[in-house]
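Going by the numbering used here, the letters in the sequence shown line up with residues 1401 to 1582, in that order.
Ideal Cβ placement from N, Cα and C applies to all residues, glycine included.
Reading through the structure tokens given below for one structure.
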Amino acid sequence: MVRPITPEEDRADVATQTPFLSDCLIQNLAHDAPKRPPFGYNCHREIDGGLRLVVWNPEMWATFPELVTEEEMIEGFPWKLKLRCTKRASNEVWLGAFVECRPDTKKEFEFCAEVEVALLSWQDGLLDKTSMGHYIVDNHSSEFGWSYFVNVKDLNDEDLGYSKNGYSVFELRVTYLQSKST
């Protein structure tokens, strides 16, 4: 089982720092922007076998119902993390977490990966919300994930620890289990 990475420095001051603006930013903003943009995210390739996604102002999901990262190479394959709003019959808004791996190759291939998506708690690493599953990737793969990963109301409730000063931190971790190519 892949364990969440929870060193204190990984979550200590992210909420108080000015966001690092990169090409992963949803909006095209100048690096000297005077204040935090209304909604956005940054990709950080600072964890082995995965990526970290810092989202600010997650209460804006109604305005931006889907967030898709650019492709990030993890162990030699291109991966995307997608966060998408969904609604249940009760009209509560949920955030779904999905992953996609689509290597550009003309060769037939197939591999199995253990995929974990985590929403980190600012209060305690034991409270991290995680979902894990096995994803078979081949030339015809589509996305894989969880439609009801976290309730947006819970995500925005700072007392639950999944948001702090308008920031939430998601991680995608991938472990390759077996591969087969022909």
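### Query
Thinking C-alpha only, which one of Glu1500, Pro1478, Asn1556 and Val1574 is nearest Gly1456?
Correcting the residue identity first, residue 1456 is Trp in this sequence and not Gly. Of Glu1500, Pro1478, Asn1556 and Val1574, the residue nearest in Cα terms is Asn1556.
### Query
Is DSSP giving Glu1500 helix, strand or coil here?
strand
### Task
Give the secondary structure of Leu1520 by DSSP, where H, G and I count as helix, E and B as strand, and everything else as coil.
coil
### Task
Less than 8 Å between the CB atoms is what I'm expecting for Gln1578 and Phe1509, so what's the real figure, rounded?
Incorrect: roughly 12 Å between the Cβ atoms, too far for contact.
### Message
Which of the three DSSP states is assigned to Gly1525 in this structure?
### Response
helix
### Message
Taking the beta carbon of Glu1466 as the centre, do at least 16 other beta carbons fall within 10 Å, making it buried, or is it exposed?
### Response
exposed
### Query
Do Val1550 and Tyr1562 have their C-beta atoms within less than 8 Å of each other?
yes
### Cβ-based neighbour list, Gly1450, same chain, cut-off 7 Å, excluding 5 preceding and 5 following
Ile1474, Glu1571, Leu1572, Arg1573 and Val1574
#### Entry: Environment of Glu1500 [buried if 16+ CB atoms lie within 10 Å]
buried
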